[in-house]
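Take a look at the structure set out below.
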Amino acid sequence: MKLTRTGVFTIVVALAFLAVPYAATLLGSNYVITLATRVAIYAIVAVSLDMLVGRSNLVSFGHAAYFGLGGYAVAISAFHLANDVPIFGWAGTNEALIAWPLAMFVAGFGALIIGALSLRTAGVYFIMITLAFAQMLFFLFVALKYYGGDDGLSLSTRNLFAGNRITDARTFYWICLAALAICLLLSWRILNSRFGMVLRGAAASERRMAALGFPVYRYRLAAFVIAGMMAGLAGALWANQNRFVSPDMLSWVRSGEFLVMVIMGGLSSLVGPVVGAAAFLLIESYLSGWTEHWQMVFGPFVLLVAVFAPRGLWGALRGKGDV
Amino acid sequence: MRLKSIALAGAALLSFTAAASAQQPIKIGIVTTLSTPGGYLGEDARDGILLAISEEGGKLGGVPVQTLVEDDKLKPGDAKQIVDKWIENDKVKLFTGIIFSNVAVAVVPSILESGGIFVSPNAGPSNFSGKACNKNYYVASWQNDNLHESAGALAKKLGYKKMVLLAPNYQAGKDAITGFRRMYGGEVIEEIYTGLDQTDFSAEMARIRAAKPDAVFQFHPGGQGIAFLKQWQQAGLKDQIPMVVASPSLEQRIAAAAGDAAIGIAATAHWNTDFKNAENEAFVKGFRAKYNREPTVYASQGYDTAKLIGAALKASGGKLEDDAFRAGMMKADVKLTRGPFKFNTNQHPIQDWYEIKAVKGSDGKVVLETGAKVLEQHGDAYAKDCKI
Amino acid sequence: MSAALQLDGLCKSFGSLRATDNVSLRVEAGECHAIIGPNGAGKTTLIGQITGEIRPDAGRIALLGTDVTHWSVPRRALSGLARSFQITQLAQGFSALDNAAFAVQARQGHSFRFLADSRKDPSLRKPALDALTQVGLADRADRLVETLSHGERRQLELAVALAMQPRILLLDEPMAGMGPEEGERMVEILRGIKRHMTIVLVEHDMDAVFALADRVSVLVAGAILKTGSPADVRSDERVRDAYLGAGSH
Amino acid sequence: MQLVLEQLLNGLQLSLTLFLLAAGLTLVFGIMGVINLAHGSLYMIGAYAGAWAAAKTGTFWLALPAGLAAAALVGAAMELLVVRRLYAREHLSQVLATFGLILFFNGFIAWSAGRSPLLMETPPQLSGFVEILPGLPYPAYRLAMMGVGVAVALGLWYMISRTRIGMLIRAGSDKREMVEALGVDIAKLFTLVFALGALLAGLAGVMVGPIRSVQVGMGEQVLITTFVVIVVGGIGSIRGAFAGALLIGMCDTLGRAFVPMLLKSWLSGPLADGLGGALSSVIIYLVMALVLIVRPRGLFPVSG
């Protein structure tokens, strides 16, 4: 099999992720791991968002909502556990294998409701309405005094993973990386499946797909829910990494940042969103460390990407025609 | 690639090379809010800290210090990321700068778990003032409730019997109302909760007018507070219904931006520009000279925070791990801009609270004038739950 | 036996414009029924109502004896109505074979299958390839749509509709934009298909219409002016005046 | 009864302010098909320029033209340098690019004007009250704002329905060729319209200066509400923007005014206050959802 440029770069990205813990040992600082964990978590969101924005031509400007719902699901179950009122009457909510799927379910359910309403609209209406719904959830969490309101909610400890503690930075990194790998694999399989073909076909020509007999709305809604669930998983991981959630997770600025990540990396590609998430976090954190007026540099940078590199960094790296 | 900015005071560099004892400077991580509408609070706190350091020639308490400053963007997650970076990469042990409670709540546990020390120049959430207090966590500003307790005490002192209370519909707003009620004791006709980003208060003001209270207490920090004062004046309520606020709703920058609308409003604070003590006069003069603007209460808190850290460093001889640092901190053997100050058992302040009034100054601009003492050596309600 | 397609008193207005004015039409099973009319006669609006993209203001549409007036586009498609588009609506970025495979996939029932690689599924690829063969595009199967010539895309339009294995084929100006040679080729292909399928042919090209149609309906100003055999229509005075006389062809 | 009337006026006043913002945004979208997230930044620029001029000259009446000019100029520059490259692009690129602009403008203002909120006083001529009904005084400034809002609405209506520019605008973004065939320099027209939208945002910015806080980030506080307004009204329709602004402004004000009161009639005090606050902060989103369920393209859908 001939190795394409995409293939080469994919392997480079994968190796970079695998090398992180060794780099940390060399540098004698765990920060590299913390940062790479964050990249992996954001990459999951970016991958899920690309499924909507890149593959399905559904520009969701409220993806942070599902990220936040996932985070809150974990934090709220932990909160109830800590206060001796487990939500569903049983105490296993501190177990990741229960809490994380729960987070995905909650986020997916939110996506189902918001998607069911939003997908009735299209184009710019869709952008605005997803934004507005996310904003509505944001305000709800701000007003939710019982769960900390805008002060957010702290987790006293990370979830247990199959009964094991995952407080160690490396362990947690491997878990997040595995989650990212699974999400990538899943999204790759989904996009080439019958279901994915309908989604992508509808993005190319919605009229055609309807005329062939596909109720496009249902397929899009399903994609919306799947993407929401992935974002929810990322939110659960984020809550675990930071041991903290706040309404800020759902803010519209964060939704905007997720879009920036996806586009910066490159739409409709498997690895692009991952590259985008990494680039975004590194650039933003470098800039804001470099100058307090980081926005004056970062803003134009985002602008330039939008105007001059619509295919993103990955699009510039990879060969033409590769997928 | 070093992802950081080092605001290294030039003087520190000098003393670093010149001093006979080549002591490593103590790194102070200042994570604070510099962007978003809340950016001016962090700016002032940071500048207050940096002023104290530069006055001492790059040292605090005779110990060379090096500061790292970064904008938390008012995002708790980002703040945590910055702190993680400093802990891991730069081995920072001493942190300050956080303005907002929600950022503090997210970040402080990481700092404490890494064995670090945090001295808050502003945020004093109840989360860490009671049962969850910590020996490495100090608050140099106030316990959040103090702000509103003092306002409540002032309202009581002024003899208001029936009041309407307003605050934004989030945690700090609800805490404000709870705090106010604790010391006020009179009748509350109505509690009105406003929105997070609300900029127009005409509906609320009509409700207040209809409720006919003796006075109103409102808590809207920053821009919302400015908008509220302007609209209050415009609705003609300023001359009909007295208003009592806490310091964050009427500090120097708000007064300047609200102009005439602020005049006559009664506030409480633990510091003001016109405090008559040598430290404060020097601070106000130094701040104006260095930054060419009026200091706010946030700047004074930043300055005092630095002074307290200086006292502790002096006592411990520049060692952070030592119990001597904590002893020095708790002793607080330093004169602060706000006057008498000591740490409570939960390492939050015990201090005086004053009535502050906005009046028209000789140059036509609004100035804040200190009035009578409202609370003397006031601590907080949570200290009894704290066992250190 | 019920008609393949029956329209009863369809009306549709856009503001003050009556785009469809009380149209009734019966397309028998097995026939090739052409609908002709000058520009602006309301052909596009009529097609929209038949496929379900446009809701009629009044009237009734029956497909194979079932009232489908309130059915959605996909539901009508699944019940056996296939269409081609006047301006090709192919999925860009996909190969010719992929495009045909979409149709096969739709016919095979719901597509909520998430993991198996659909491009390696012979139950999709084989019928799709058959459809391409039927219109003579088998050797273009793996070419991306955007690299096909205009004529080839028109053929692919048809292949996609055929891959649905419809009961009724609604062709919206299949000859549009074709040169004489390509046009003749298309007529040949359609002549082959017409033997075993009901076709509704909306077309501008009169040669093609008279070569293929069993019956012709003339639509003028939103209303059916005449329905009859090609010879009848050709000799009708009113049709001549309204349409042929004005002479687009 | 008097309270209800006063609240209705408050709602109307908020509606008209929202309309100023929404009109510019919807105009730009309707004609050029561009979503401009940085519309709120233009509002901020108008307010800052106004506050700056007021501080320099000491009068609001010079602040007004300064704010308008600054917003219009920055708007024109934005169109020429950035937005022009985005017409043919997907909404996604537009969202991204204008998101970058927001960051830039916020950073720029903080850097150049400082982070302090600025002072802007009510003009003395308008600082009094007008007794609209016996016993119901209303701030003159707010009445003036309402007057400006109505005047702008009428002006836009006249421009769009009666003038040549209006005709071109009505032709809409999808009929570029037709407009060009009429010998119109479409590039200039677009710059003009964008500047007009910016001007309206700037007008809103200067006018709220005396009653809101002039500070960094003030644009984003109103941006999302403005989006809700134009989505409810039908994106691209000035009429829709007006209707949407009325609906949203009224619902928001009346919600804040009466929902807590209504809740109080069957809930205990503090609970009603808290719940009422939460409910009134999401009420406009609920209204939007309801409208879109019934009419997915807004109250006044624009074809094409």
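Chains A, B, C and D are the protein sequences, given in the same order. Each residue of the first sequence is one higher than the one before, starting from 1 at the first, in my numbering. Each residue of the second sequence is one higher than the one before, starting from 1 at the first, in my numbering. Each residue of the third sequence is one higher than the one before, starting from 1 at the first, in my numbering. Each residue of the fourth sequence is one higher than the one before, starting from 1 at the first, in my numbering. Yeah, the Cβ is synthetic: ideal placement off N, Cα and C, and Gly gets one too. Keep in mind that this is a model prediction, so the values were computed, not measured.
request  = Give, in chain order, every residue of the region 123-142 of chain D whose Cβ lies closer than 8 angstroms to some Cβ of chain B.
outcome  = Residues 127, 129, 137, 139, 141 and 142.
query = Beta-carbon of residue 45 of chain D versus every beta-carbon of chain A: anything under 8 angstroms?
reply = As a first step, residue 45 of chain D is located in the fourth sequence; it is residue number 45 there, counting from the start. No, residue 45 of chain D does not count as interfacial toward chain A.
ask   = Taking buried to mean at least 16 other C-beta atoms within 10 Å of its own C-beta, is residue 298 of chain B buried or exposed?
value = Locating residue 298 of chain B in the second sequence gives position 298, counting from the first residue. Counting Cβ neighbours within 10 Å, residue 298 of chain B comes out buried, since at least 16 surround it.
Exposure label - residue 294 of chain A; buried when at least 16 CB within 10 Å = For this step, residue 294 of chain A is matched to residue 294 along the first sequence. With 16 or more Cβ atoms within 10 Å of its Cβ, residue 294 of chain A is classed as buried.
message = Under 8 angstroms, with one C-beta from each stretch per pair, do the region 65-81 of chain A and the region 223-242 of chain A reach the 3-pair mark?
response = The region 65-81 of chain A vs the region 223-242 of chain A: in contact.
request  = Check whether the Cβ atoms of residue 378 of chain B and residue 350 of chain B sit closer than 8 angstroms, and answer yes or no.
outcome  = Position 378 of the second sequence, counted from the start, is the residue given in the question as residue 378 of chain B. Position 350 of the second sequence, counted from the start, is the residue given in the question as residue 350 of chain B. Against a cut-off of 8 angstroms, the Cβ pair of residue 350 of chain B and residue 378 of chain B comes out as a contact.
inquiry  = What would DSSP say about residue 193 of chain A, mapped onto helix, strand or coil?
reply    = On the first sequence, position 193 is the one that residue 193 of chain A refers to. Here residue 193 of chain A sits in coil by DSSP.
query = Is residue 328 of chain B buried or exposed, if buried means 16 or more other CB atoms sit within 10 Å of its CB?
reply = Locating residue 328 of chain B in the second sequence gives position 328, where the first residue counts as 1. For residue 328 of chain B, the number of other beta carbons within 10 angstroms of its own is at least 16, and it is reported as buried.
query = Are there 16 or more other CB atoms within 10 angstroms of the CB of residue 263 of chain A, so buried, or fewer, so exposed?
reply = Residue mapping note: residue 263 of chain A aligns to position 263 of the first sequence, counting from 1. Residue 263 of chain A comes out buried.
task = Rounded to whole angstroms, what's the CA-CA distance from residue 35 of chain C to residue 201 of chain C? Just pull it up for me.
result = The sequence position of residue 35 of chain C within the third sequence is 35, counting from 1. The sequence position of residue 201 of chain C within the third sequence is 201, counting from 1. Taking the straight line from one Cα to the other gives about 6 angstroms.
message = Among the candidates B:353, B:91 and B:303, whose CA atom is the shortest distance from the CA of residue 335 of chain B?
response = Residue numbering aside, residue 335 of chain B sits at position 335 when the second sequence is read from its first letter. When each option's Cα is compared against that of residue 335 of chain B, the closest is B:303.
ask   = What number of angstroms, rounded off, separates the C-alpha of residue 245 of chain B from the C-alpha of residue 264 of chain B?
value = Position 245 of the second sequence, counted from the start, is the residue given in the question as residue 245 of chain B. Position 264 of the second sequence, counted from the start, is the residue given in the question as residue 264 of chain B. Computed Cα separation, rounded: 11 angstroms.
query = With DSSP run on the structure shown, which of helix, strand or coil describes residue 173 of chain C?
reply = Here residue 173 of chain C refers to the residue found at position 173 when the third sequence is read from its first residue. Annotated three-state conformation of residue 173 of chain C is coil, per DSSP.
inquiry  = Quick check on residue 43 of chain D: buried or exposed, where buried means 16 or more other Cβ atoms within 10 Å of its Cβ?
reply    = Residue numbering aside, residue 43 of chain D sits at position 43 when the fourth sequence is read from its first letter. Note on residue 43 of chain D: 16 or more other CB atoms within 10 angstroms of its CB, so buried under the neighbour-count rule.
inquiry  = Just to confirm the assignment, what range does the alpha helix (DSSP H) spanning residue 363 of chain B have?
reply    = Your numbering for residue 363 of chain B matches position 363 in the second sequence. It is not in any alpha helix (DSSP H) - residue 363 of chain B carries neither H nor E in the DSSP assignment.
inquiry  = Using the three-state DSSP reduction, which class does residue 285 of chain B fall into: helix, strand or coil?
reply    = Along the second sequence, read from residue 1 onward, the residue named residue 285 of chain B stands at position 285. In the structure shown, residue 285 of chain B adopts helical secondary structure according to DSSP, grouped into three states.
message = residue 21 of chain D and residue 222 of chain D - do their beta-carbons sit closer together than 8 angstroms?
response = In the fourth sequence, residue 222 of chain D corresponds to position 222, counting from 1. In the fourth sequence, residue 21 of chain D corresponds to position 21, counting from 1. Taking 8 angstroms as the cut-off, the Cβ atoms of residue 222 of chain D and residue 21 of chain D count as close.
ask   = Which residues, in order along the region 277-308 of chain A, keep a beta-carbon less than 9 angstroms from a beta-carbon of chain D?
value = Answer set for the region 277-308 of chain A: 292, 293, 294, 295, 296, 297, 298, 299, 300, 301, 302, 303, 304, 305, 306, 307 and 308.
inquiry  = Any C-beta of chain A within less than 7 angstroms: which residues of the region 89-108 of chain B qualify?
reply    = The region 89-108 of chain B vs chain A, Cβ under 7 angstroms: 89, 101, 102, 105 and 106.
task = Would you check if there are 3 or more beta carbon pairs closer than 8 angstroms linking the region 188-207 of chain C to the region 95-103 of chain C?
result = Contact between the region 188-207 of chain C and the region 95-103 of chain C is absent, because fewer than three Cβ pairs lie under 8 angstroms.
request  = Taking residue 125 of chain B and residue 151 of chain B to be in contact with their CB atoms under 8 angstroms, please state how far apart those CB atoms are, rounded to whole angstroms.
outcome  = For the purposes of this step, residue 125 of chain B is identified with residue 125 of the second sequence, where counting begins at 1. For the purposes of this step, residue 151 of chain B is identified with residue 151 of the second sequence, where counting begins at 1. The beta-carbon separation of residue 125 of chain B and residue 151 of chain B, rounded to 18 angstroms, does not stay under the 8 angstroms limit for a contact.
query = Using a Cβ-Cβ distance under 8 angstroms, would residue 122 of chain C count as near chain A?
reply = Reading the third sequence from its first residue, position 122 is the one you call residue 122 of chain C. For residue 122 of chain C, the answer is no, since every Cβ of chain A falls outside 8 angstroms of its Cβ.
Residue 168 of chain B in three-state terms, based on DSSP = Position 168 of the second sequence holds residue 168 of chain B. Residue state, collapsed to three classes: strand.
key: CB contact below 8 angstroms: residue 164 of chain C versus chain A   = Reading the third sequence from its first residue, position 164 is the one you call residue 164 of chain C. Any Cβ of chain A closer than 8 angstroms to the Cβ of residue 164 of chain C would place that residue at the interface, and such an atom is present.
request  = Starting from the Cα of residue 120 of chain A, find the closest Cα among A:254, A:216 and A:251 and give me that residue.
outcome  = For the purposes of this step, residue 120 of chain A is taken as residue 120 along the first sequence, with counting starting at 1. Residue A:216 is the option with its Cα nearest to residue 120 of chain A.
message = Could you tell me which whole alpha helix (DSSP H) segments of length 4 or greater appear in the region 6-64 of chain A?
response = The region 6-64 of chain A contains these whole alpha helix (DSSP H) runs: 31-50.
query = The alpha helix (DSSP H) with residue 243 of chain B in it runs from where to where?
reply = Along the second sequence, one-based indexing puts residue 243 of chain B at 243. Run containing residue 243 of chain B: none in the alpha helix (DSSP H); it sits in the beta strand (DSSP E), 243-246.
message = Between residue 207 of chain B and residue 192 of chain B, how many whole angstroms is the CB-CB distance? I'm expecting something under 8 angstroms.
response = To locate residue 207 of chain B, count along the second sequence from 1; it is residue 207. To locate residue 192 of chain B, count along the second sequence from 1; it is residue 192. Their Cβ separation, rounded to whole angstroms, is 6 angstroms, which keeps residue 207 of chain B and residue 192 of chain B in contact under 8 angstroms.
task = Determine the chain A residues that contact residue 250 of chain C at a beta-carbon separation under 7 angstroms, and present them in chain order.
result = In this structure chain C extends from 1 to 249, so residue 250 of chain C is not present and cannot be described.
message = Nearest by alpha-carbon distance to residue 233 of chain D: which of D:151, D:10 and D:15 is it?
response = For this step, residue 233 of chain D is matched to residue 233 along the fourth sequence. Per the Cα distances, D:15.
Those residues which DSSP pairs with residue 137 of chain B across a bridge = Position 137 of the second sequence, counted from the start, is the residue given in the question as residue 137 of chain B. Answer by DSSP bridge pairing, in chain order: B:118.
key: Chain-ordered neighbours of residue 103 of chain D on chain A, where CB pairs are closer than 7 angstroms   = Against the fourth sequence, residue 103 of chain D aligns to sequence position 103. Residues of chain A passing the Cβ test: 295, 298, 299 and 302.
query = Going straight from the alpha carbon of residue 313 of chain A to that of residue 291 of chain B, what length do you get?
reply = Indexing the first sequence from 1 puts residue 313 of chain A at position 313. Indexing the second sequence from 1 puts residue 291 of chain B at position 291. One C-alpha to the other measures close to 42 angstroms.
query = Can we say the region 48-66 of chain A touches the region 127-137 of chain A, given the rule of at least three CB pairs closer than 8 angstroms?
reply = Contact holds: three or more Cβ-Cβ distances are below 8 angstroms.
inquiry  = Tell me the residue span of the alpha helix (DSSP H) that contains residue 275 of chain A.
reply    = The count along the first sequence starts at 1 and reaches residue 275 of chain A at position 275. Taken as a continuous stretch (DSSP letters only), the alpha helix (DSSP H) holding residue 275 of chain A covers 272-290.
Within 8 angstroms, strictly: CB atoms of residue 124 of chain A and residue 29 of chain D = Here residue 124 of chain A is taken as the residue at index 124 of the first sequence, counted from 1. Here residue 29 of chain D is taken as the residue at index 29 of the fourth sequence, counted from 1. Yes; because the gap between Cβ atoms is below 8 angstroms, this pair is in contact.
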